[in-house]
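For the record, the sequence lines run as chains B and Z.
Here the first sequence is numbered in UniProt numbering, starting from 1 and rising by one per residue.
Here the second sequence is numbered in UniProt numbering, starting from 1 and rising by one per residue.
Yeah, the Cβ is synthetic: ideal placement off N, Cα and C, and Gly gets one too.
In this text, all values refer to a predicted model and were calculated from it rather than measured experimentally.
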Amino acid sequence: MQYKWGEVKVGEIHLGVQLQDVLFNHLCPPRPPAASYSTLLLASSFHFVSGYKIIVKKWNLGHNAATATVNALRERLKQKRRLLLDTDVAAQARLQGRTALSFGPTDFVCCRTLQGHTAKVYSLDWTTERNRIVSASQDGRLIVWNVLTSQKTHVIKLPCAWVRTCAFSPSGQSVACGGLDSICFIFNLNSPSDRDGNLPVSRMLSGHKGYVSSCQFVPDEDSHLITSSGDQTCVLWDVTTGQRISVFGGEFPSGHTADVLSISINGSNSKMFVSGSCDATAQLWDTRNASRAVQTYHGHAGDVNTVKFFPDGQRFGTGSDDGTCRLFDMRTGHELQVYHQQHGNNDIPLVTAIAFSISGRLLFAGYSNGDCYVWDTLVAKVVVNLGSLQNSHEGRITCCGLSADGTALCTGSWDRNLKIWAFGGHRSVV
Amino acid sequence: MKGFLSSMLPVGAPVLVKEDNIEYSFAMEYNGPPVSYDIPRAVPIDIKRIPTAAVVAPSSVSDKVSLPVVQPLLARDLLNEKLSKELIRGSDVSPTSVIAFEPPRRDGYSCRLSDELSNSGTLRFSNGHDGSCDLSEVIDDGSGASGFLNSLDERSCDCELSGGIGSSGTLGFSNSHDDSNDLSGSLGVVGSSNDCKESLDFVDDINPLDWSSIESVPCLHFLSSEISSCNGEDANDAPPCHANRTSVVTFVDIESSGTIHEEGSSDKAEVNKEKIGPITKGRKGSCYRCYKGNRFTEKEVCIVCNAKYCSNCVLRAMGSMPEGRKCVTCIGIPIDESKRGNLGKCSRMLKRLLSQLEIQQIMNAEKLSEANQLQPELIYVNGKQLCQEELVLLQSCPNPPKKLKPGRYWYDKVSGLWGKEGQKPSRIITAELKAGGPIMQNASNGNAGILINNREITKVEVRMLQMAGVQCAGKPHFWVDADGSYQEEGQKNMKGHIWDKSGTKLFCALLSLPVPCKASNTSQEDVNNLVNRVVPDYFGQRALQKLLLAGYKGSGTSTIFKQAKMLYKSIPFSEDERENIKLMIQSNVYRYLAILLEGRERFEEESLAEVTKKLTYDQSGTLGNGNESETVYSIGPRLKVFSDWLLKVMVSGNLEAIFPAATREYAPLVGELWKDAAIQATYNRRSELQMLPTIASYFLERVVEISRTDYEPSNMDILYAEGITSSNGLACMDFSFPQSAYGSNPDTADEHDPLLRYQLIRVHARSLGENCKWLEMFEDVRLVIFCVALSDYDQFCDDGNGVATNKMLASRRLFESIVTHHNFNQMDFLLILNKLDLLEQKIEQVPLTVCDWFNDFDPLISRNRSNNNSIHNNPSLAQQASYYIAVKFKRLFSSLTGRKLYVSVVNGLDPDSIDLALHYASEVLKWDDEKAYFSISEYSIYSTEASFDSP
């Protein structure tokens, strides 16, 4: 408890409730490192050295009182948020008389099954221009697929079999992957393989203190990569040097307070990215300012497993352990819509992966029970369940992604297969 | 009919010829929430009313529609023509329609049905070619009959056959399949008879007009099964077909031979059938999928079922080829042995279709995938079927038999001679391999009367021996070693060396007898040791037993891991690892220093406050005393700068980033700092610094040495260091127990099969602590080793909410969450109670009851503690405490899971106790394997019972 929590600059501070609010807003949602956090909760009097400095001292009262206060404040915020949430997209759409899209059972078809992994598939990523996919599986291999022929072009044996994520670089020249060994590996697909036929690691990005849960290259920049990790941080890397450019969260007083599980970079403004975490929040970050999150989005009641930017870059979707997908607005900071399908009370499937169609009208959400719902984002209705179609996955869906041109959806599952889904029907323009 | 059936079935199998009224229960009762959609309902049907369908003019069909029609027999040409004519006459079905039904009662109904069917057929056609629709895929599967195999292959083909026939009651079905020589033959039809029944009910229920809109799989199965069955049906009626009965006969032969295991037999049957049956009737050599082309068009062949596909179809039919060139339906099935030579040899057609890289991957997969490897069951050595391990041993030895094919071989273990059964030796392979049974005297079918290593040799060999100058008069019995030295049986002295004479080898070549390979004289000890050899990847994966090592932070999992590395690895840490560990130790030392400095600041502040308090209290007028800001804890300005810098680096969290530059720059300063009185004074109060781990003093006392750049961590330092890598992520190591480990006891030494390899996976508590998000990745783990530090009972840590929790309770919470994780609900757990040495030191001072969980600890000896040292039989207090904690955990475990927890008490710094614990872990696995045979508790050295039950 001797950890002294530096100096926090806050704007103009007055004692009293306002101070508490400031304190709360700045300090509570993101958890500072364990020691300072507890010190903080133990802190009682705020000692003003100058107009801008607070030095946290030891609390005189019991810390129970402090936690109670924080919880009360948290509850108040929650209520406030609920109050502000007067309508959602679906209600608006209903007012305008919009109806859900309708699809026949043959409109979505599984046109390819990519077999070759010998264990659960955990992640996939499409290239931007060519029709290739990289997938990561627990058999300790990355496979690069040619989707058109459904053949493998590369099989990369990984140093650590417990891989969680993989990503294609924007140029399609290299792939990145990360897993439980806390290191992000970069492989150059053009480099010659060694004697055993393995592709050599071209770069190791080490520095995370927890498992690497997700990684994505910054669009149009082969040299920058953002990873998220179980150490509660996201990191922007310079791939060419292997150095960290900036660390988001973690030791800084603002950031996630639990494992970060997923990130998504804004397609239209690659400086912005959003992260989802086990603390049931999503946070919006600006890569130019690592010190604090731009915005924190509350709403989910469980771990946020996956985040994905809406195609227009103004919204983003999340999928969570509470079985819902949500759509958040980046500018207002509000929740726009909850996508929730009623199930029996006890067995709510978790949302494990989401993807938006090019227009954003469709939201593909993979669930832990092997379902893959296609939501109409406008009216919040399930239009098709890919899990009930022919040739669907037999295990939990772990990842899904849309090809760059939007013509195909790829889903990966615990049943070791990847499947490519395409629109197979004829439909007039709505 | 019955007679025919019984001839088909293995002897003794009951022939079930049942009528109606059989109860079918295929499915479990549904307990879930009510579903919103309509459930298709299966109504029991009257079998007599099943509409039967017949195929019309397959030749016309194959042109227009890529329908999965079972190809009729060669001899059925006439019949088909006749049939189609009949059909056209009988019902108004157009010639292009695929299927016509011949129901006895519902004429109109079936006609409509078939119309619908033909519609869907054409639809499929268009889709199938643009490659975006998968409807055709499914139907293809069904018709290919191997689609049915999917549902079939887990069950024994045998009982399926009889069951299918018995329950269907329509013997026509099963009888018919023997005549249809396509793949969809026996297995397909029999397998489908169930489906067929279900789906037929389906048809009864629904409006025929809705037919095409229903896309459910059973429906499609119904379709194809109908096709195949009725195909057979009409074939059955035609006498010429019986000429092709042979295929059935083979099938039964293999089935009843019974030596080959179930799955193999069905596969083989399939292949055999395939081989025997003539290729598709209408167009010999056409593509199996689109039925186009002739025998001259280039085609790719499935390495399992011999199906041939043209360049348009091959990618569709073979999909992503995870095991090389196999039809999608053949994946996982062993290959046709005659094609083994072609493995990994790419055809021109594929080269044209696919890119270089893709070809490379396919060929790699073809050569390396497990299903394509030689089946050990098909190889007999000295009359004994091989098992997987023996085959691997045989193939990976320095001198393996060349081009091993299924068959019967003899192997002379002493000399390494190898040959086909009943033939002269063909090769000299590595001797002393543990493969196959003992050699038989007539193994090479020799008649020379001379025995070599108990094998009667052939005439050719005798000539060779004579050439080599061996005295062969009097039919002696020789004993030949691997190096060629021979002696007569029953005599001690070496008589000579076969290969000594220069001409022998030449002569052997003339007689086409084997000569020893140059590389054969390797050391014999490790021949049977798989660990030191490169084993095939697919096999290595299977033989690996995974142990997951987890525990709360500070429980010593990394110490155990490092101990295991030192115990079982010849080079425990590579140069890189050592370098990393060195940096880690150094940065840790800096961290400890920073903690000390932080403490110093606090102490200084406190003592200053005290001083001022005292001053104000004293109220003495000595104000101008400059001494008041000086306490024991004050340091000089230079050190102050360093201290501030270090603390700042600590706060910013990138302590690692400053290494190794920091060591160069600050090493002297660190030494100075350490010697400073203020730091020493702080260090003496280290018990008040809770952030400072106990291990810190080990390093801090040698801080000067450690902070130097040329510091080389010793094994002890590595062991003491916190963590394994700087990232402290997952670490894993493969190991196997050295055989000498338990050398004293031959039984246990034998038990530790060198083939058994273990993988110790150590995960870091940090990521586990939050919520076991990725435990699901460890479902294939055999045993979870959970580590608890015994000395934790009086220590506190921050649980993340700012509340200080007892570390033992935190440990328990983590234990609970792992044990109850749904992935591990059948997992064995081994609890390692670590840090016994610390407990011994501590327990005398701090009672165990400090921890709430242990408040009923009531040590026996506490009453007569005075003489507990003199009595050797009595366990010490620490031992009692550890037993007590073990029992606590056991009870917790059994209340959570109802199973038994294995416990081992160790001291992480003592390699022997770790060795023992890991051996215990391996034994737990073995018990698990042998659970069926033994009761566990009887065979355990360690008591798994709660022997120290406290009252």
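query, result
"Outcome for L402(B) when other beta-carbon atoms lying within 10 angstroms are tallied against a minimum of 16", "buried"
"Within chain Z, the residues that G197(B) reaches when beta carbons sit closer than 8 angstroms", "N364"
"Terminal residues of the alpha helix (DSSP H) in which E300(Z) lies", "Segment K299 to V301 is the beta strand (DSSP E) holding E300(Z); no alpha helix (DSSP H) there."
"Helix, strand or coil at Y339(B) according to DSSP, with G and I counted as helix", "strand"
"For residue 431(B): DSSP bridge partner residues", "With chain B covering only 1 through 430, there is no way to say anything about residue 431(B)."
"Contact list for T153(B) against chain Z, beta-carbon separation under 7 angstroms", "S355, L357, E358 and Q361"
"Where the beta strand (DSSP E) containing P425(Z) begins and where it ends", "P425 to I428"
"Any C-beta of chain B under 8 angstroms from that of M321(Z)", "yes"
"Closer than 7 angstroms at the beta carbon, the chain Z residues around C160(B)", "L730"
"Among T616(Z), D792(Z), C787(Z) and E606(Z), nearest to L830(Z) - alpha-carbon criterion", "C787(Z)"
"Closest residue to F699(Z) among E456(Z), A667(Z), I303(Z) and I585(Z) (Cα-Cα distance)", "I585(Z)"
"Delimiting residues of the beta strand (DSSP E) encompassing M733(Z)", "A731 to F735"
"Distance between beta carbons of C851(Z) and L809(Z), contact taken as under 8 angstroms", "7 angstroms"
"Three-way DSSP call (helix, strand, coil) for N399(Z) in this model", "coil"
"Inter-stretch contact at 8 angstroms, needing at least 3 Cβ pairs: the stretch 343 to 351 of chain Z / the stretch 297 to 306 of chain Z", "yes"
"Under 7 angstroms by beta carbon: chain B residues contacting P40(Z)", "Result: empty, since nearest Cβ-Cβ is about 13 angstroms, beyond 7 angstroms."
"Which of helix, strand or coil DSSP assigns to Q356(Z)", "helix"
"Between the CA atoms of G599(Z) and D415(B) - distance to the nearest angstrom", "54 angstroms"
"Under 9 angstroms by beta carbon: chain Z residues contacting N146(B)", "L354, S355, L357 and E358"
"Simplified DSSP state of Y711(Z), which is helix, strand or coil", "coil"
"Extent of the continuous beta strand (DSSP E) to which C110(B) belongs", "F108 to L114"
"Chain-order list of residues whose beta-carbon lies under 7 angstroms from that of T820(Z) (same chain, five-residue window excluded)", "L896"
"Below-8 angstroms beta-carbon distance, L114(B) vs any chain Z residue", "yes"
"Buried versus exposed, by CB contacts within 10 Å (16 or more), K675(Z)", "exposed"
"The stretch 352 to 360 of chain Z in contact with the stretch 377 to 394 of chain Z per 3-pair CB rule at 8 angstroms", "no"
"Member of L336(B), F316(B), G313(B) and N269(B) whose CA lies at the smallest distance from the CA of D86(B)", "L336(B)"
"D222(B) versus D238(B) - alpha carbon distance", "9 angstroms"
"Reduced DSSP secondary structure (H/G/I, E/B, other) of D303(B)", "coil"
"Minimum C-alpha distance to G671(Z) - residue among N684(Z), R702(Z), W645(Z) and Y683(Z)", "R702(Z)"
"Same chain, Cβ closer than 6 angstroms to S94(Z), five either side skipped, listed in chain order", "Low per-residue confidence applies at S94(Z): pLDDT is 40, beneath 50, and the placement is therefore not dependable, though the value from the model is reported in the following sentence. Closer than 6 angstroms at Cβ, skipping near neighbours: no residue."
"Within chain B, the residues that residue 955(Z) reaches when beta carbons sit closer than 8 angstroms", "There is no way to answer for residue 955(Z), as the model of chain Z reaches only from 1 to 951."
"Minimum C-alpha distance to C290(Z) - residue among V649(Z), C313(Z) and N306(Z)", "C313(Z)"
"Within 7 angstroms of chain Z by C-beta, residues of the stretch 338 to 371 of chain B in sequence order", "H343 and G344"
"Burial state of R762(Z), where buried means 16 or more other Cβ atoms lie within 10 Å", "buried"
"Proximal residues of chain Z, C-beta to C-beta of T127(B) below 7 angstroms", "Those do not exist, as T127(B) stays about 14 angstroms from chain Z at its closest Cβ, beyond 7 angstroms."
"Nonlocal neighbours in the same chain, by C-beta distance under 8 angstroms from E488(Z), ignoring five residues either side", "P476, H477, F478, W479 and K495"
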